[in-house]
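S.K.: Chains C and P, in that order, are what the protein sequence lines are. Sequence positions in the first sequence follow this note's numbering and run 787 to 1068. Sequence positions in the second sequence follow this note's numbering and run 787 to 1068. Idealized CB from N, CA, C, for every residue including glycine. Since we're looking at a predicted model, the values are computed, not measured. Got a structure for you, written out below as structure tokens; questions coming shortly.
Protein chains: 2
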Amino acid sequence: MRIIEAEDELRTAVSAARAAEKRIGFVPTMGALHQGHLSLVSAAKRECDLVAVSIFINPTQFGPNEDYDKYPRTLNEDTKLLAGEDVDLVFTPARETIYPEGCSTWVEVEGLLTRTLEAAQRPEHFRGVTTVVAKLFQLVAPDVAYFGRKDFQQSVVIRRMTHDLCYPIDIQVCETIRDPDGLALSSRNQYLNEKQRQQALSLSKGLFAARAMFEHGERHGDALHVAVQAVFDEYADVSVDYIAIVDPETLEPLETVVDRCAVLIAARVGQTRLIDNLMLEN
Amino acid sequence: MRIIEAEDELRTAVSAARAAEKRIGFVPTMGALHQGHLSLVSAAKRECDLVAVSIFINPTQFGPNEDYDKYPRTLNEDTKLLAGEDVDLVFTPARETIYPEGCSTWVEVEGLLTRTLEAAQRPEHFRGVTTVVAKLFQLVAPDVAYFGRKDFQQSVVIRRMTHDLCYPIDIQVCETIRDPDGLALSSRNQYLNEKQRQQALSLSKGLFAARAMFEHGERHGDALHVAVQAVFDEYADVSVDYIAIVDPETLEPLETVVDRCAVLIAARVGQTRLIDNLMLEN
């Protein structure tokens, strides 16, 4: 496994792979890797000839009062995990490679996709995400890129950006990986103490409650919402940011679910903000 | 010479060229081609193995009261001219290829580069330009792209965008081509009647007046500005938008020129808005 920091070296490696007609799979990450990330790597290993993983904690997707400074930095552990998965190439760019001096270009998806849900609390978040992903896509030039379903809105926004900017890249969204008790894996779970970790189960429990109702035929957005809220009512220390029943592509709230919906939740447990979601389909 | 409208066909042609290790040169245009465009094509022919020219009148770089509807559409003449230059590939994308349904992604350079000069009158212009160029760069995937110096600010903005987004594309800016009397070639010169064409000479005359002073040692921005304005004072029917003496990279106004400056002019002759510029260097 090669660990590459320099842009030139990356381009040489990618060009060689392309010349050899290798299918290149790419998993962009901010490090602090867990089984969720590794499931993306596994999918890439199955479907591609060369798998590249980037590790870059992107400053522009953190808000001014968010956790950029304390975000877990675990490069040694991360590279060991990736070597264990037989990843071909780990790209760890310097900040100046991604944001060169005088850098002032932004890639931004406009409209509801980046105004609703996460964006209400984090107005600059998605333009940070789309800008860094656009650059990483240029640098790695993959055939396929893998994202986790857990960051549902992010995957919708990136799919839109990729399509709109004519990137010839297939976006694969892989299912959320959960601990046995239901908690969706997240690098931010590290922030939780034991008591908070129990409270954090409110998110997945809320989603599972909605799923149970959906499986019993409930198709009213309001009713599904109430079912999720009822779970949170039992967790006084958890502060809900939003519970939303939306169209999975447009993110428009649904009064009535026809074929499918996404149930999205964001909540704070202590200082830690967590998100989770579930797709419900006929 | 192949004329290609479909994205798939373009990608196939470009991939084949790349597999054959051909250096790809790209000249993006809005058609209505003149010798200025053809000089870009010549440069590309000299330096590259495959030359692609795009013809696409980009709606998003026109303001609501600008000339999108009446912009000259001369595809037959354009392709004849390009065939005469032995261009390999002309890309004439449909609007939906560049702006697919639901398209909502913008590429935008922020800061002074896109707030000053042209942007004062045309606030949305440059984000239209950078967005379409970013897409065309993805589709054509050239090694080198050629732009005309006449659109000075555009070339600075595109260079910034290309660098910031990590496009592995060399941006070449080619000198402005002028008629023998000094008028910079522009597709919009077609709008001028004979009398207006004489008035339009005010722009190049103003620039040449500044150059003459510069060659005699004048280095004060104000004095160069006054010299240009003095020329326009003799053209009562020409309405000046701006005369600016700026740093060629940052576009900051210069009180005193050290090594070099760009003199930029925009003016209206009748309904036609024209721009021109000159680099002055020690």
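For C/Asn851, count neighbouring C-beta atoms within 10 Å of its own C-beta (all shown protein chains included) and say buried if the count is 16 or more, exposed if not.
M.R.: Sequence index remark: in the first sequence, residue 851 of chain C carries index 65 (1-based). Under this definition C/Asn851 is an exposed residue.
S.K.: Leaving aside the five residues before and after C/Lys936 along the sequence, list all residues of the same chain whose C-beta is less than 6 angstroms from its C-beta, in chain order.
M.R.: Mapped onto the first sequence, residue 936 of chain C falls at position 150. Taken in chain order, the residues that qualify are Thr962, Ala970.
S.K.: Would P/Arg797 count as contacting chain C if we go by Cβ distances under 9 angstroms?
M.R.: One-based indexing of the second sequence puts residue 797 of chain P at position 11. For P/Arg797, the answer is yes, since a Cβ of chain C falls inside 9 angstroms of its Cβ.
S.K.: Quick one: list the residues of chain C neighbouring P/Pro954, beta-carbon separation under 8 angstroms, in chain order.
M.R.: Sequence index remark: in the second sequence, residue 954 of chain P carries index 168 (1-based). Neighbours of P/Pro954 on chain C, chain order: Arg797, Gln924.
S.K.: Report the neighbours of P/Leu951 on chain C: residues whose CB is nearer than 9 angstroms to its CB, in chain order.
M.R.: As a position in the second sequence, residue 951 of chain P is number 165, starting the count at 1. Result: Thr891, Val893, Thr917, Ala920, Lys921, Gln924.
S.K.: Could you tell me the distance, in whole angstroms, from the CA atom of C/Leu1010 to the CA atom of C/Phe1000?
M.R.: Here residue 1010 of chain C refers to the residue found at position 224 when the first sequence is read from its first residue. Here residue 1000 of chain C refers to the residue found at position 214 when the first sequence is read from its first residue. Looking at the two C-alpha atoms, the distance is approximately 8 angstroms.
S.K.: Using DSSP's beta-bridge definition, name the partner residues of P/Phe933.
M.R.: Here residue 933 of chain P refers to the residue found at position 147 of the second sequence. Answer is P/Val959.
S.K.: Near P/Arg1080, which residues of its chain fall below 7 angstroms by C-beta distance, leaving aside the five closest residues on each side in sequence?
M.R.: Past the boundaries of the shown model lies residue 1080 of chain P; chain P is included only from 787 to 1068, so the question cannot be answered.
S.K.: Using the rule of at least 16 other Cβ atoms within 10 Å of the residue's Cβ for burial, across every protein chain shown, is P/Asp874 buried or exposed?
M.R.: Counted from its first residue, the second sequence places residue 874 of chain P at position 88. Buried: at least 16 other Cβ atoms inside 10 Å.
S.K.: Can you give me the C-alpha to C-alpha distance between P/Leu796 and P/Tyr932, rounded to a whole angstrom?
M.R.: Translated into the one-based positions of the second sequence, residue 796 of chain P becomes position 10. Translated into the one-based positions of the second sequence, residue 932 of chain P becomes position 146. Their Cα atoms are separated by approximately 19 angstroms.
S.K.: Which complete beta strand (DSSP E) runs does the stretch 814 to 845 of chain C hold, if anything under 3 residues is left out?
M.R.: Complete beta strand (DSSP E) runs here, min 3: 836 to 841.
S.K.: With a cut-off of 9 angstroms, does the C-beta of C/Leu1010 fall near any C-beta of chain P?
M.R.: Stepping through the first sequence from its first residue, residue 1010 of chain C is reached at position 224. So, not an interface residue.
S.K.: Give the residues of chain C in contact with P/Met947, contact being defined as C-beta atoms less than 7 angstroms apart.
M.R.: The count along the second sequence starts at 1 and reaches residue 947 of chain P at position 161. Simply Thr891.
S.K.: Report buried or exposed for P/Val926, applying the criterion of at least 16 other Cβ atoms within 10 angstroms of its Cβ.
M.R.: On the second sequence, residue 926 of chain P is found 140 positions in, with the first residue counted as 1. When all chains shown are included, P/Val926 counts as buried.
S.K.: How many Å lie between P/Arg804 and P/Val930 at the Cα?
M.R.: As a first step, residue 804 of chain P is located in the second sequence; it is residue number 18 there, counting from the start. As a first step, residue 930 of chain P is located in the second sequence; it is residue number 144 there, counting from the start. The straight-line gap from Cα to Cα measures roughly 13 angstroms.
S.K.: For the alpha helix (DSSP H) containing C/Glu1001, list its first residue and its last residue.
M.R.: Within the first sequence, numbered from 1, the residue matching residue 1001 of chain C stands at position 215. Run containing C/Glu1001: 980 to 1001, per the alpha helix (DSSP H) assignment.
S.K.: When we look at the beta-carbon of C/Ser990 and count the other beta-carbons within 10 Å, is it buried (16 or more) or exposed?
M.R.: Against the first sequence, residue 990 of chain C aligns to sequence position 204. With 16 or more Cβ atoms within 10 Å of its Cβ, C/Ser990 is classed as buried.
S.K.: Go ahead and pull the three-state DSSP assignment for P/Met1065.
M.R.: Here residue 1065 of chain P is taken as the residue at index 279 of the second sequence, counted from 1. Residue state, collapsed to three classes: strand.
S.K.: Quick check on DSSP: helix, strand or coil for C/Phe848?
M.R.: Residue mapping note: residue 848 of chain C aligns to position 62 of the first sequence, counting from 1. Coil, per DSSP.
S.K.: DSSP state of C/Tyr977, grouped into three classes?
M.R.: For this step, residue 977 of chain C is matched to residue 191 along the first sequence. In this structure, C/Tyr977 counts as helix in the three-state DSSP scheme.
S.K.: Could you check which residue in P/Arg913, P/Pro1039, P/Val1049, P/Met947 has the C-alpha nearest to that of P/Phe848?
M.R.: Numbered from 1 along the second sequence, position 62 holds the residue referred to as residue 848 of chain P. Closest by alpha carbon: P/Arg913.
S.K.: Quick one: is P/Glu980 buried, meaning 16 or more other Cβ sit within 10 Å of its Cβ, or exposed?
M.R.: To locate residue 980 of chain P, count along the second sequence from 1; it is residue 194. Burial call: exposed.
S.K.: Please confirm if C/Leu819 has its CB atom under 9 angstroms from at least one CB of chain P.
M.R.: To locate residue 819 of chain C, count along the first sequence from 1; it is residue 33. Chain P, which has no Cβ nearer than 9 angstroms to the Cβ of C/Leu819, makes this no.
S.K.: Could you check which residue in P/Trp892, P/Thr878, P/Leu951, P/Met1065 has the C-alpha nearest to that of P/Val1044?
M.R.: The count along the second sequence starts at 1 and reaches residue 1044 of chain P at position 258. If we check each option's Cα against that of P/Val1044, P/Met1065 comes out closest.
S.K.: Report buried or exposed for C/Ser1025, applying the criterion of at least 16 other Cβ atoms within 10 angstroms of its Cβ.
M.R.: In the first sequence, the residue the question calls residue 1025 of chain C occupies position 239. Answer is exposed; the Cβ neighbour count stays below 16.
S.K.: Hey, does C/Thr883 have any beta-carbon neighbour from chain P nearer than 9 angstroms?
M.R.: Start at 1 with the first residue of the first sequence, and residue 883 of chain C comes out as number 97. Closer than 9 angstroms: yes.
S.K.: By Cβ distance, which residues of its chain are closer than 8 angstroms to P/Val1017, with the 5 residues on each side in sequence left out?
M.R.: Looking up residue 1017 of chain P in the second sequence gives position 231. Around P/Val1017: Ser988, Lys991, Gly992, Ala995.
S.K.: May I have the straight-line CA-CA distance separating P/Leu826 from P/Val943, to the nearest angstrom?
M.R.: By one-based count along the second sequence, residue 826 of chain P stands at place 40. By one-based count along the second sequence, residue 943 of chain P stands at place 157. Using only the alpha carbons, I get a separation of about 18 angstroms.
S.K.: Suppose contacts are defined by Cβ-Cβ distances below 9 angstroms. Is P/Leu951 in contact with P/Ala986 by that definition?
M.R.: Along the second sequence, read from residue 1 onward, the residue named residue 951 of chain P stands at position 165. Along the second sequence, read from residue 1 onward, the residue named residue 986 of chain P stands at position 200. No, the Cβ-Cβ distance between P/Leu951 and P/Ala986 is not below 9 angstroms.
S.K.: Here's the rule I'm using: 16 or more other beta-carbon atoms within 10 Å means buried, otherwise exposed. How should P/Gln821 be labelled?
M.R.: Along the second sequence, read from residue 1 onward, the residue named residue 821 of chain P stands at position 35. P/Gln821 comes out exposed.
S.K.: Identify every residue that forms a DSSP beta bridge with P/Ser1080.
M.R.: Chain P is shown from 787 up to 1068; residue 1080 of chain P falls before or after that span and cannot be answered.
S.K.: In three-state DSSP terms, what is C/Gly1007?
M.R.: The residue given as residue 1007 of chain C occupies position 221 in the first sequence. Three-state DSSP puts C/Gly1007 in a helix.
S.K.: Should P/Glu904 be flagged as near chain C, meaning a C-beta pair shorter than 9 angstroms?
M.R.: Indexing the second sequence from 1 puts residue 904 of chain P at position 118. No, no contact with chain C.
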